[in-house]
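Enquirer: Take this structure first; my questions come after.
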Amino acid sequence: MINLQKVEIITEKRSIDEVIRILESLGVNGYTVIRNVTGKGKRGIKHGDDLNDVFINSLILVVCDESQAIAIVKEMKVFLQIVSGVCFVSDVKYVVH
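In my numbering, the protein residues as written are 24 to 120.
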């Protein structure tokens, strides 16, 4: 197993392309996007059945080394001051296959 970092970014659908652009500019070559994420946070409940799906949340997952995670977080701190969203980082173990 290899120790890595998982960066999770939850933001509105309209911001996905910009998040991906930022990730790719940092050299991230793999990510997962999960659309229509629902839940409850400090802004209340986010449903997946809004009339306009622009404000529906999506989850972008990146697994990377610590230095790349630090770079992503630095960019997300700036980006998430402009748009709605959150960013989480956790330790993970990658099972080599």
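The beta-carbon is built from N, C-alpha and C at its ideal position, and this holds for glycine as well.
Could you spell out the range, first to last residue, of the alpha helix (DSSP H) harbouring residue 42?
Expert: First-last of the alpha helix (DSSP H) with residue 42: 39-48.
Enquirer: Hey, which unbroken runs of the beta strand (DSSP E) at 3 residues or more fall wholly within the segment 76-114?
Expert: Here the runs fully enclosed are 80-87.
Enquirer: Does the contact criterion of 3 or more C-beta pairs under 8 Å hold for the segment 102-111 versus the segment 30-37?
Expert: Touching, yes.
Enquirer: To which residues of the same chain is residue 45 closer than 6 Å at the C-beta, ignoring the five residues directly before and after it?
Expert: Counting only Cβ-Cβ distances below 6 Å, and skipping sequence neighbours, we find 98.
Enquirer: Which value, in whole angstroms, describes the spacing of the CA atoms of residue 89 and residue 110?
Expert: Using only the alpha carbons, I get a separation of about 15 Å.
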